[in-house]
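Reviewing the structure listed below.
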Amino acid sequence: MIVMRHNSSQLRARLAALSVALLLCLFAGLSPTLAQPGVPVVDLTLGSSTQGRPITAIRVGSGPRKVVLVGATHGYPERNTYALVTQLAEHFRRDPAAVPPGISLYIIPLLNPDGLELQSRFNANGVDLNRNMDTGADDCPQNDWQPIVAGAYGLTAETGGPYSDSEVESRLIRDFLLDADAVVFFHSNAGVVFPACAHQPSADLARIYADGAGYVFIPAWDRYVITGGMSDWAGGLGITALIPELVTGDLPEFEQNLGGVQATLNAVESIVPPAEPRVEGGIEVQPIIWRAWKAWGGQALFGQPLGPAVKTATGWSQRFERARLEYLPAQTTTTAPVQSALLGRELFGPEVDEPEAPAEGARFFPETQHNVRQPFADFWQINGGLPIFGLPLGPEQQTSDDVGAPVVRQVFERAVLERPVAATSIFEVSLVPLGRIEWAQIDARSIQTGIQPR
5 MIVMRHNSSQ
15 LRARLAALSV
25 ALLLCLFAGL
35 SPTLAQPGVP
45 VVDLTLGSST
55 QGRPITAIRV
65 GSGPRKVVLV
75 GATHGYPERN
85 TYALVTQLAE
95 HFRRDPAAVP
105 PGISLYIIPL
115 LNPDGLELQS
125 RFNANGVDLN
135 RNMDTGADDC
145 PQNDWQPIVA
155 GAYGLTAETG
165 GPYSDSEVES
175 RLIRDFLLDA
185 DAVVFFHSNA
195 GVVFPACAHQ
205 PSADLARIYA
215 DGAGYVFIPA
225 WDRYVITGGM
235 SDWAGGLGIT
245 ALIPELVTGD
255 LPEFEQNLGG
265 VQATLNAVES
275 IVPPAEPRVE
285 GGIEVQPIIW
295 RAWKAWGGQA
305 LFGQPLGPAV
315 KTATGWSQRF
325 ERARLEYLPA
335 QTTTTAPVQS
345 ALLGRELFGP
355 EVDEPEAPAE
365 GARFFPETQH
375 NVRQPFADFW
385 QINGGLPIFG
395 LPLGPEQQTS
405 DDVGAPVVRQ
415 VFERAVLERP
425 VAATSIFEVS
435 LVPLGRIEWA
445 QIDARSIQTG
455 IQPR
């Protein structure tokens, strides 16, 4: 007889892996449950992870207030939150009338599918997604993003990412939440509920959740400093945000958290204020556009607003010095409720440049067959990539700026990048003021610029 021996840690690891495998099989095999008549239930794919795994959601209801539940930001170690949010999704799919009529409830069971698959807290790049957000908009400087992050027992690790919002998953949840009213990020296992830093509606809603779930409310996480956290990012933009920490590290604690979620949904309309306009440079900015402007780079990247927002057939549009941002409510089920307008294409297209061959050391875009060289390539990636700047429409060109100094420019769908001829750093790259150029054309004024529309 052969006797198999395992130490306790090996056995726990095998059992945990088996539980995740069973859960994944169960979730993959779920058949759609018919919703009650009159309350829509929609399955969504929001995007993909670093390794290409889908990040999915369901929407229950069609009310004007957007509330989001997010599970498994920390992947495998907190896989019980994946189980919980999966069960919540199926509960509200079966009973959509439990969602108040004024709410659209979005449920994302698994934000970090790579971490779950790789049995890791981090994403596929080794980044802690709950330490990767740009939290500079709130009134809590101690939580500002850092590459080296604190953890339990005084441990530190370089897992905040190379820069804030560096990860695909971070940008996905950031952009999806721009028009949200409230968000709940599930974690484990401390048995407490706490709000976004220095945001009273978050504190009020966290108390209600804690009472409904039977968890302990605490006004702030006090075990160590959380930098770059998702809830603090949201609170800084006026999005009500809270974190329930499950009591255990393995059980979904469904009944408790269903009580917390239901209490939260019932309180949203009375507790959570709607997004309000903000004033920048003496000009009122449309609320959701302001969130995008702030989250994507603010004045440093886009400049100040040039005028008030304009109501359009599809939403709202507002012009800034270097861009025009558009809020499209019909896109609320996607990661693009706010978009940077195609000013590069509108002002400097559609003439087609000769295609380029891939160049060594450059980033090649097969869609338009153009290269983006350094430092433009790093600036493009770090400051938002495709949603902010779009694809390159032509090669780099040497020209002169407004005062006659030689510069290099490259036209993209949504922007024009500019740098001094000898520049090697992204800190020497800026955006040509396309908002001002468009504004001047519309107002039939002339301005001096070294780049002319085609």
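Basically the numbering used here = 1-based index in the sequence shown + 4.
Glycine residues also receive a C-beta, built at the ideal position from the N, C-alpha and C atoms.
Residue i (DSSP reduced to helix, strand or coil)
i: Leu26; result: In this prediction, Leu26 scores a pLDDT of 46, lower than 50, which makes its location untrustworthy; the coordinate-derived value is nonetheless stated afterwards. The answer is helix: DSSP assigns Leu26 an H, G or I state.
i: Arg440; result: helix
i: Asn136; result: coil
i: Arg98; result: helix
i: Gln445; result: helix
i: Phe190; result: coil
i: Pro359; result: coil
i: Ala93; result: helix
i: Gly51; result: strand
i: Ala32; result: Confidence at Ala32 is low in this model, with a pLDDT of 39, below 50, so the placement of that residue is unreliable and no value is reported for it.
i: Ala161; result: strand
i: Ala141; result: coil
i: Ser344; result: strand
i: Glu82; result: helix
i: Ser170; result: coil
i: Phe352; result: helix
i: Leu176; result: helix
i: Phe221; result: strand
Terminal residues of the beta strand (DSSP E) in which residue i lies
i: Trp320; result: Trp320 to Phe324
i: Glu330; result: Ala327 to Tyr331
i: Gly388; result: Where Gly388 is concerned, there is no enclosing beta strand (DSSP E), given that its DSSP letter is neither H nor E.
Where the alpha helix (DSSP H) through residue i begins and ends
i: Tyr213; result: Gln204 to Ala217
i: Asp236; result: Met234 to Gly240
i: Glu273; result: Phe258 to Ile275
i: Leu421; result: Looking at the DSSP string, Leu421 is not in any alpha helix (DSSP H); the run it does join, the beta strand (DSSP E), is Val420 to Pro424.
i: Asp118; result: Pro117 to Glu121
i: Leu397; result: Taken as a continuous stretch (DSSP letters only), Leu397 belongs to no alpha helix (DSSP H), as it is neither H nor E.
Reference residue i; option with closest CA among the options
i: Glu400; options: Val425, Arg418 and Gly130; result: Val425
i: Val46; options: Gly195, Pro277, Val197 and Phe96; result: Phe96
i: Val415; options: Gly408, Ala381, Gln445 and Asp447; result: Ala381
i: Asp215; options: Val197, Ala202, Tyr228 and Asp226; result: Val197
i: Gln343; options: Trp297, Pro312 and Lys315; result: Trp297
i: Tyr213; options: Ser206, Gly264, Pro205 and Pro277; result: Gly264
i: Asp132; options: Ala93, Cys144, Pro113 and Ser174; result: Ser174
i: Arg326; options: Ala313, Thr339, Thr338 and Pro309; result: Pro309
i: Ala419; options: Trp225, Arg295, Leu438 and Trp320; result: Leu438
i: Arg98; options: Ala202, Gly42 and Thr338; result: Gly42
i: Gly51; options: Val433, Ala427 and Thr337; result: Thr337
i: Ile275; options: Gly388, Arg211 and Val74; result: Arg211
Residues that residue i bridges to, as DSSP identifies them
i: Phe198; result: Ile247
i: Pro459; result: Here the chain covers residues 5 to 458 and nothing more, so residue 459 does not appear.
i: Val288; result: Checking the displayed sequence, the identity of residue 288 turns out to be Glu instead of Val. According to DSSP, which records beta bridges pairwise, Glu288 is partnered with Val283.
i: Tyr110; result: Arg63 and Val72
i: Pro312; result: Partner(s): none; Pro312 has no beta bridge.
i: Asn375; result: Phe368
i: Ala154; result: Thr160
i: Val415; result: Val420
Neighbour flag for residue i against chain B, beta carbons, 8 angstroms
i: Ala317; result: Among the chains in the structure shown there is no chain B, since it carries only a single protein chain.
Would the segment 49-66 and the segment 222-236 be scored as touching if the rule is three or more Cβ pairs under 8 angstroms?
-> Flag = no, the segment 49-66 and the segment 222-236 do not touch.
Three or more beta-carbon pairs under 8 angstroms between the segment 182-195 and the segment 259-274, yes or no?
-> Yes, the segment 182-195 touches the segment 259-274.
Does the segment 327-344 come within contact of the segment 355-369, defined as at least 3 CB pairs closer than 8 angstroms?
-> In short, these stretches do not touch, since the Cβ pair count stays below three.
Would you call the segment 146-163 and the segment 248-255 touching, i.e. three or more CB-CB distances under 8 angstroms?
-> A contact is defined here as three or more CB-CB pairs under 8 angstroms, and the segment 146-163 fails this definition with respect to the segment 248-255.
Looking at C-beta atoms only, is the number of pairs between the segment 125-144 and the segment 100-107 that lie closer than 8 angstroms three or more?
-> The segment 125-144 is not in contact with the segment 100-107.
Counting Cβ pairs, one atom from each stretch, are 3 or more of them under 8 angstroms apart for the segment 219-227 and the segment 376-391?
-> Contact between the segment 219-227 and the segment 376-391 is not established, with fewer than three Cβ pairs separated by less than 8 angstroms.
Is the segment 198-208 in contact with the segment 80-94, if contact means three or more CB pairs nearer than 8 angstroms?
-> For the pair of segments examined, the segment 198-208 was found not to touch the segment 80-94: the number of CB pairs separated by less than 8 angstroms stays below three.
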